[in-house]
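Peer 1: Can you read through this structure? Questions will come right after.
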Ligand SMILES: [Zn+2]
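Numbering (my numbering), first residue to last: 813 to 1215.
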């Protein structure tokens, strides 16, 4: 069972900053007990304290924060067109970054070389890092078996079938690796680094881009599931006879609502001779972009508007099912498609939630589109490593040998 100190450490980690009185209320303990427990965390240098001043206008309580210097970690985001690396402290403060252009069709060996080069350059960018690297967190956009550290498949990337990615990274860096889904990494960065988001203890962050993934928070903690595979909102089946999905099933949310699926639908209609203003904008249907589709839809083009509304309906269906199940107080839509078509997708998802979910679920629920934030992916990967580093350090610091 977790000790109060261990639970407190994680509460402070996820809140970024906390004051004792709030924590005492949350854990339902007396001020004296809270004071004793936080003193243990401070003495072990797991948390640090700032502020706590008295003035003529009253007393400002001290802020507790996880010790940023507890560890230094790297985050590596392996995306379809780029490998990006960052160096951060324990709490996700960016110290250095770098990126290498790449393609998903590269062999695994080349990608590992790119990872090494990106981390080296991120270190150079950081200048002097005041401690050793404790762990590397890696986020990948392919289909993963996180528990076993495998990349099972990556759409259009034949070299990436059943690759022992965690093992290969561990060998490359001679260091422990936290491998996870890139969507979950982004969700963690969004939840921890945006003050207006992290006050929500139950939230769903949906990434809508080439694929659709999610990070789920329940009672102030990220939920990973029994085999670390939770959050696959893009692969909720909404039509068993629907189009084939990249995962091999039919009719997943992603097969209707991903960026690629939406562009492909419009492209096919163009090729079949549909009437649309988009025809004058591109020489070939292969040049179509989501920005063109959104712009045409805003100007009333029926084909573009239908494509966006079909994507929005499918996405809304999946998100509403997740809301009905998890009862969050915040849903955040993010990613390239969400940013390009924010108004369309926000409206569709909100409508789906109100029509499919109980009023008790939608009551007070905030649905938002996250603004684009550079490095949310790689910083989230570093934060995933911080979760594992934190677990080990807390265990070690708070371990009491049986008497
Ligand atoms: Zn699927």
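Just so it is clear, CB atoms sit at the ideal spot from N, CA and C, and this is done for glycine as well.
Contact check, residue 1012 vs residue 1154 under 8 Å by CB: the rounded distance?
Peer 2: No, residue 1012 and residue 1154 are not in contact; Cβ-Cβ is about 19 Å, not under 8 Å.
Peer 1: Under the three-state reduction of DSSP, which class applies to residue 1011: helix, strand or coil?
Peer 2: coil
Peer 1: I need the boundaries of the alpha helix (DSSP H) containing residue 1197, first residue and last residue.
Peer 2: Per DSSP, residue 1197 belongs to the alpha helix (DSSP H) from 1188-1210.
Peer 1: Short check: CB of residue 1120 to CB of residue 1143, under 8 Å?
Peer 2: no
Peer 1: Ligand 1 heavy atoms versus the CB of residue 1026: any closer than 7 Å?
Peer 2: no
Peer 1: Given the structure, does residue 1193 come close to ligand 1, in the sense that its CB is under 7 Å from one of the ligand's heavy atoms?
Peer 2: Not under cutoff, so the answer is no.
Peer 1: Is it the case that the CB of residue 1134 approaches a heavy atom of ligand 1 more closely than 7 Å?
Peer 2: no
Peer 1: Could you compute how far the alpha carbon of residue 921 sits from the alpha carbon of residue 966?
Peer 2: 15 Å
Peer 1: Just verifying my parser: in three-state terms, what is the DSSP assignment at residue 902?
Peer 2: Looking at residue 902 - three-state DSSP - the assignment turns out to be coil, as it is neither helix nor strand.
Peer 1: Can you tell me where the alpha helix (DSSP H) holding residue 1080 begins and where it ends?
Peer 2: 1071-1083
Peer 1: Do residue 897 and residue 941 have their C-beta atoms closer together than 8 Å?
Peer 2: No, these two residues do not count as a Cβ contact at 8 Å.
Peer 1: Closest to residue 1038 by CA distance: which of 1014, 970, 1077 and 960 is it?
Peer 2: 960
Peer 1: Taking only beta-carbon positions, decide if residue 1135 is within less than 8 Å of chain B.
Peer 2: Of the protein chains in the structure, only one exists, and it is not chain B.
Peer 1: For residue 1029, which of helix, strand or coil comes out of DSSP?
Peer 2: strand
Peer 1: Is residue 1066 near ligand 1, judged by its Cβ being under 7 Å from some heavy atom?
Peer 2: yes
Peer 1: When burial is assigned at 16 or more other CB atoms within 10 Å of the CB, is residue 986 buried or exposed?
Peer 2: exposed
Peer 1: Can you give the beta carbon distance from residue 1102 to residue 1075, rounded, assuming they're within the 8 Å contact cut?
Peer 2: 6 Å
Peer 1: Three-state secondary structure (DSSP) at residue 864?
Peer 2: Note: residue 864 maps to coil in three-state DSSP.
Peer 1: With a CB to CB cut of under 7 Å and the five nearest residues on each side skipped, what residues in its chain are close to residue 976?
Peer 2: 961 and 962
Peer 1: For residue 1021 and residue 1147, which I take to be in contact (beta-carbon distance under 8 Å), what is that distance rounded to the nearest angstrom?
Peer 2: Contact holds; Cβ gap of about 4 Å.
Peer 1: Who are the near neighbours of residue 900 in its chain, counting only those whose CB is closer than 7 Å to its CB and skipping five residues on each side?
Peer 2: 885, 887, 906, 907, 1191 and 1194
Peer 1: Could you name the residues that DSSP lists as bridge partners for residue 1020?
Peer 2: 1024
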